[in-house]
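Protein chains: 2
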Amino acid sequence: MATKIFIVDDHYMVIEGIRSILQEEKSIEWMGHASTAASCLAFLQKQQPDIILMDINLPDMSGIDLCKEVREKYPSTFIVGLSTFNQQSFIQRMMENGASGYVLKNATQEELMEAFQTVLKGKVYLSDDVSQTLRKNADAQIPVLTRREKEVLELIAEGLTNIEIASRLFISTTTVDTHRKNLLAKFDVRNTAALVKYAMLHKLI
Amino acid sequence: MATKIFIVDDHYMVIEGIRSILQEEKSIEWMGHASTAASCLAFLQKQQPDIILMDINLPDMSGIDLCKEVREKYPSTFIVGLSTFNQQSFIQRMMENGASGYVLKNATQEELMEAFQTVLKGKVYLSDDVSQTLRKNADAQIPVLTRREKEVLELIAEGLTNIEIASRLFISTTTVDTHRKNLLAKFDVRNTAALVKYAMLHKLI
DNA sequence: ATATCCCTCCTCTTTTTCAGTGATTTTATT
DNA sequence: AATAAAATCACTGAAAAAGAGGAGGGATAT
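Top to bottom, those sequences are chains A and B. The opening residue of the first sequence carries number 1 in our numbering; numbering runs sequentially from there. The opening residue of the second sequence carries number 1001 in our numbering; numbering runs sequentially from there.
Take a look at the structure:
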C-alpha cells in the first residue's frame, strides 16, 4: 500500500518542487496540498494522510501550533516539519508539539524518502544538519515562558516602560519589574537589549 | 532567441519547483543554478545569463549584497529578487542595489513569466503582493545607517552598555551615546527595546 | 496536605539610558 | 577647494532599568 502524503506550505514553488521530487516514487501517493492551516484542518476532516509535511511558517497560524492541534485530533497521522530555518528553537518546539521529524527545504529526494520510512516505523527522523544543530545547542535550551511573562515581554519589545506596562496590564510597576527580572534570568542576559534580540531570534515575539 | 535564466537559491526543493514550472516554457533556457553566492560569481565569470533569479537568503552572503556586486560587474544581466519574505525592508534594499524585480516564492507560473518579460524590457516588475506592501509602508522607509551606527547597534543588541561599547570601539562614552541617540531618532523609537526589535525585524542585525 | 509554580507586591541602591544643546574634527563627494 | 556627511566629544538633569532581597496568596498536581 502506498504511503499517503499531504503537504502544508504556502509557497507554490516548494509545492511544485516536492511534487516533482516525489512524482516518480511509486510508493508515494500524493494526496494534495494546503497553503493555510485552515484548509489543512478542513482537508483532514474528510481524509487522513499517513504523513503530513508541514511548513512552520504559514499565513494564518504557526505550523508549530498547527502541529499540536493535528496530533491531538488525528494521532494516527505523523507530521514532519519542513522549514528553511535550521534553528534549534523551531526544531525543539516542533518536536515538543508531537512532530516525528524535521527536514530542511534543501533536503534531497533520498533524505525525504528516508524521513518518510523512518517516521512510518514510529521513529524520529532528523536530517543530519538538523540533529547537528540540536546537539550543538543541547545545553542552550530555550526557556519556557509563562503567560504573563510573554505578555510583559511583548510590551517591553514594543518600547513601553514598566509604568506603562503596569497600567496596561492593571498590575503594579514592581510586579512588572519582577517579571522583567525573571525574563532576564531565564534568558541569561544582562539587559533589555539582549533580551529583545534573543526573543526575536527565537521568534518568541 | 530563448531567454537565459539562472537561479541562485540554496533550497533544493525551490530549485526543483522552478525547474518544473519553467520546463515546458519554450522561450526559457535553463542555464543551471547555484546554491551559494560564491558559486554564482564563479559561474558568471564564464557565462552570463539574461536574468538571475536570486534568493535573498544565502548561506555565504546576503542576496542583497550579491545583487549589488553582480550588477556592478555584469550590468547587462538583470536580477529578480526571490524570497519568502514580503517585507518592505528586503524589497527596498534589493531594489536599491539594482534589482529589476521581486517575486515571492508562492508566485505562479504566469507571474514568473510576466516578471521575466517585464524585466527584459528594462522595466521593473513587482508582484501584486509586493507592490502592495511597498505602497502600504511608503512612509515608513527603513533608515539608512552609517558604518559606525551599525557597529554600535550590533553591540547594543549584544547587551553591552555604553561604557563597554566605548572601550570596545576605542571612543568616548559620550560618542557612543550620540550614536545611540541618532539611532533612536532614525528609527523613531523611544528606547533600546523597540530599537532592537525594529532592527531585528528588518534584519539589520 | 504539602510542595511547587505562578503571580503579585514591596524597599533600597546603583547603574544606565534618555533628552536637550552645542561644538570640533575627519572623511567623502562634487 | 568647497560642501556635505559622518564621527567625534562634552555637560546637565531627569527617567528608567538593573541588582539584591524579602514576602504573601492562589492554583495545581502528586
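Just so it is clear, CB atoms sit at the ideal spot from N, CA and C, and this is done for glycine as well.
Beta-carbon proximity check, residue i vs residue j, cutoff 8 Å
| i | j | result |
| --- | --- | --- |
| B/M1224 | A/V14 | Here chain B comprises residues numbered 1001 to 1205, so residue 1224 of chain B is not present and cannot be evaluated. |
| B/V1130 | B/N1191 | no |
| B/H1011 | A/K181 | no |
| B/I1079 | B/S1100 | yes |
| B/H1202 | B/I1165 | no |
| B/I1021 | B/I1005 | no |
| A/C67 | A/M94 | yes |
| A/T118 | A/Y125 | yes |
Member of the options whose CA lies at the smallest distance from the CA of residue i
| i | options | result |
| --- | --- | --- |
| A/G159 | B/I1142, B/I1156 and B/V1196 | B/V1196 |
| B/A1185 | B/W1030, B/L1153, B/D1055 and B/Q1117 | B/L1153 |
| A/A34 | A/P59, A/I21 and A/L22 | A/P59 |
| A/I51 | A/A115, A/S127 and A/A193 | A/A115 |
| A/K46 | A/I171, A/K73, A/L204 and A/N86 | A/K73 |
| B/Y1102 | B/Q1109, B/P1049, B/I1091 and B/E1096 | B/I1091 |
| A/L169 | A/K150, A/K181, A/N182 and A/F187 | A/K150 |
| A/A37 | A/I56, A/R19, A/M31 and A/K26 | A/I56 |
| B/E1111 | B/R1093, B/G1098, B/K1123 and B/S1127 | B/S1127 |
| B/D1009 | A/V8, A/S39, A/S172 and A/T84 | A/T84 |
| B/L1155 | B/Q1132, B/H1179 and B/T1133 | B/H1179 |
| A/S39 | A/K26, A/V70 and A/Q23 | A/V70 |
| B/E1024 | B/Q1109, B/G1122, B/N1162 and B/I1163 | B/Q1109 |
| B/T1077 | B/E1096, B/A1107 and B/L1120 | B/L1120 |
| A/L44 | A/R19, A/P75 and A/G122 | A/P75 |
| A/R147 | A/S172, A/E96, A/G122 and A/L183 | A/L183 |
Whole-Å CB distance - residue i paired with residue j, under 8 Å assumed
| i | j | result |
| --- | --- | --- |
| B/L1204 | B/L1145 | 7 Å |
| B/M1001 | A/M200 | 47 Å between Cβ atoms; not a contact. |
| A/A194 | B/A1193 | No, A/A194 and B/A1193 are not in contact; Cβ-Cβ is about 10 Å, not under 8 Å. |
| A/G17 | B/G1017 | 3 Å |
| A/N206 | A/Q88 | One cannot answer for residue 206 of chain A here, as it falls past the ends of chain A, which runs 1 to 205. |
Distance cut-off 7 Å: residue i Cβ against heavy atoms of the ligand GTP
| i | result |
| --- | --- |
| B/A1166 | Judged by which ligands are present, the structure shown has none, so any question about the ligand GTP falls away. |
Burial state of residue i (16 or more Cβ within 10 Å)
| i | result |
| --- | --- |
| B/R1135 | exposed |
| B/T1174 | exposed |
| A/A42 | exposed |
| B/P1049 | buried |
| A/I64 | buried |
Using a Cβ-Cβ cut-off of less than 8 Å, give me the residues of the segment 9-34 of chain A that come near chain B, in sequence order. Answer in chain order: D10, H11, Y12, M13, V14, I15, E16, G17, I18, R19, S20 and I21.
Residues of the segment 1103-1134 of chain B with a CB closer than 7 Å to any CB of chain A: list them in chain order, please. Within the segment 1103-1134 of chain B, the qualifying residues are K1105, N1106, A1107 and T1108.
At a CB distance below 7 Å, what residues from the segment 136-150 of chain A approach chain B? Give them in sequence order. Residues are counted here when their Cβ sits less than 7 Å from a Cβ of chain B; for the segment 136-150 of chain A the count is zero.
Compile a chain-ordered list of the residues in the segment 1175-1198 of chain B whose CB is closer than 7 Å to at least one CB of chain A. The segment 1175-1198 of chain B vs chain A, Cβ under 7 Å: V1189, R1190, N1191, T1192, A1193, A1194, V1196 and K1197.
Would you list, in chain order, the members of the segment 153-167 of chain A that have their beta-carbon closer than 7 Å to a beta-carbon of chain B? Sequence-ordered contacts of the segment 153-167 of chain A with chain B read I156, A157, E158 and G159 [C-beta pairs closer than 7 Å].
Which residues of the segment 1082-1101 of chain B have a Cβ closer than 7 Å to any Cβ of chain A? Give them in chain order. Within the segment 1082-1101 of chain B, the residues whose Cβ lies closer than 7 Å to some Cβ of chain A are T1084, listed in chain order.
Please name the residues in the segment 1058-1081 of chain B whose beta-carbon is closer than 9 Å to at least one beta-carbon of chain A, in chain order. Result list empty, no residue passes.
Could you please tell me which residues of the segment 1034-1056 of chain B, in chain order, have their CB closer than 7 Å to any CB of chain A? Here the close residues number zero.
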